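Working notes, structure below.
Residue numbers (the working numbering): 3 to 403.
As structure tokens, then:
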């Protein structure tokens, strides 16, 4: 049996699929299997997977009708044979040492899981910058901690994404943790429940995963067709915390994370119907259940998220819709200001470059002048030496006579 099982859900990912798969197959740690779940792709993804499986026996392909991200992850998890679980998205890629470094960390620290840092790669420019949402501890951390040591901000400092985490499979089975069979956010409950229940978590601060941003389309972009999946994920996570007697320990971080999910889903939803479904569910049961309605602003991890939740609690649908529009406009204005500052900074940088080129030109002129002066001095020295030689010769001639 392989030591590590890697799950990769696939849906219409032909443009990036081979890069993602090969980033796993080319890992420095080779004792692994790659379980690819084709969720009813209509492009060339299936053919690419078939070719990869023929080339490398570590590739296993599962084909199913399109059911969404969650069903693909569930199918992959059921097929896992390894002792450790890792997951990769089909439009991203892992750096060659990711599994080796994470596996070494969990073994060294006797941890149930490892979390590594990640980078965001702009699809258009190729620029890679740190993905702070994936790995952004509020306090200085060591190579490993118990979850309780980081309880106050654990779920705010580390995103629920499964692709920068290596998790022990026996540990997941012991705590009854599985991916949710839903179209969106199928990993939140599993990841955050695992983080809370772990004996120890190992931390690898290296950027070992590249998460693509700015893609023209997203394979699992089903926000408006499954607007309440985030709420289902939060409820499943909360249930797990309570069942394991961990809720009070992580209550503060759970509530602030729930605020973030409400904020994140409300500001990106596109259709009025989806937003109405979110708002009505939250007002009827969600805010009380998640304890957002009794939260204090002073305890909020992010006050903007708290303010939005308070507004949603206290106002009707139309007022909330206009509030979100105002938030969106403010965000756009902020981006415009940011872009303006970038342009000003670029203009200032260009002025500095021009000044440096001018200084360089002046310096070369000085160097050229010094070279001419040196040449003149050399000529003068040569003439002087010739005169000295002539005078010496004349002087010696007079002495003989």
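Ideal placement from N, C-alpha and C gives every residue a C-beta, glycine not left out.
Source: prediction; values computed, not measured.
Residue from the options with nearest C-alpha to residue i
i: residue 122; options: 82, 166 and 152; result: 166
i: residue 1; options: 291, 237 and 229; result: Because residue 1 is not part of the residues shown, which for the chain are 3 to 403, the question remains open.
i: residue 2; options: 95, 176 and 117; result: Here the chain covers residues 3 to 403 and nothing more, so residue 2 does not appear.
i: residue 178; options: 319, 60, 3 and 246; result: 246
i: residue 119; options: 129, 127, 100 and 108; result: 100
i: residue 1; options: 205, 385, 147 and 28; result: What the structure shows of the chain is the stretch from 3 to 403, and residue 1 is not part of that stretch, so it cannot be assessed.
i: residue 34; options: 48, 89 and 56; result: 89
Residue interval of the alpha helix (DSSP H) (run including residue i)
i: residue 86; result: That residue, residue 86, is in no alpha helix (DSSP H); its beta strand (DSSP E) goes 86-89.
i: residue 292; result: Where residue 292 is concerned, there is no enclosing alpha helix (DSSP H), given that its DSSP letter is neither H nor E.
i: residue 316; result: 305-316
i: residue 239; result: 231-245
i: residue 108; result: 100-111
i: residue 156; result: 156-159
i: residue 53; result: 47-57
In DSSP terms, what residue i is bridged to
i: residue 132; result: 121
i: residue 209; result: 119
i: residue 68; result: Looking at the DSSP assignment, residue 68 forms no beta bridge with any residue, so it has no partner.
i: residue 95; result: 212
i: residue 11; result: 39
i: residue 204; result: 116 and 146
Helix, strand or coil at residue i [DSSP, three-state]
i: residue 272; result: coil
i: residue 6; result: strand
i: residue 35; result: strand
i: residue 179; result: coil
i: residue 185; result: coil
i: residue 62; result: strand
i: residue 17; result: coil
i: residue 149; result: helix
i: residue 140; result: coil
i: residue 225; result: coil
i: residue 217; result: coil
i: residue 76; result: helix
i: residue 366; result: helix
i: residue 162; result: coil
i: residue 82; result: coil
i: residue 29; result: coil
i: residue 386; result: helix
i: residue 23; result: helix
i: residue 127; result: coil
i: residue 300; result: helix
i: residue 394; result: helix
i: residue 283; result: helix
i: residue 251; result: helix
i: residue 258; result: helix
Beta-carbon proximity check, residue i vs residue j, cutoff 8 Å
i: residue 231; j: residue 187; result: yes
i: residue 191; j: residue 238; result: yes
i: residue 71; j: residue 63; result: no
i: residue 135; j: residue 161; result: yes
i: residue 164; j: residue 86; result: no
i: residue 275; j: residue 256; result: no
i: residue 251; j: residue 150; result: yes
i: residue 3; j: residue 36; result: no
i: residue 314; j: residue 281; result: yes
i: residue 323; j: residue 277; result: yes
i: residue 12; j: residue 40; result: yes
i: residue 260; j: residue 184; result: no
i: residue 98; j: residue 30; result: yes
i: residue 269; j: residue 217; result: no
i: residue 66; j: residue 73; result: yes
i: residue 14; j: residue 58; result: no
i: residue 284; j: residue 236; result: no
i: residue 225; j: residue 168; result: no
Run of the beta strand (DSSP E) containing residue i, from where it starts to where it stops
i: residue 190; result: It is not in any beta strand (DSSP E) - residue 190 instead sits in the alpha helix (DSSP H) that spans 190-199.
i: residue 167; result: 167-170
beta-carbon residue i near the ligand ADP non-hydrogen atom, thresh 7 Å
i: residue 212; result: Judged by which ligands are present, the structure shown has none, so any question about the ligand ADP falls away.
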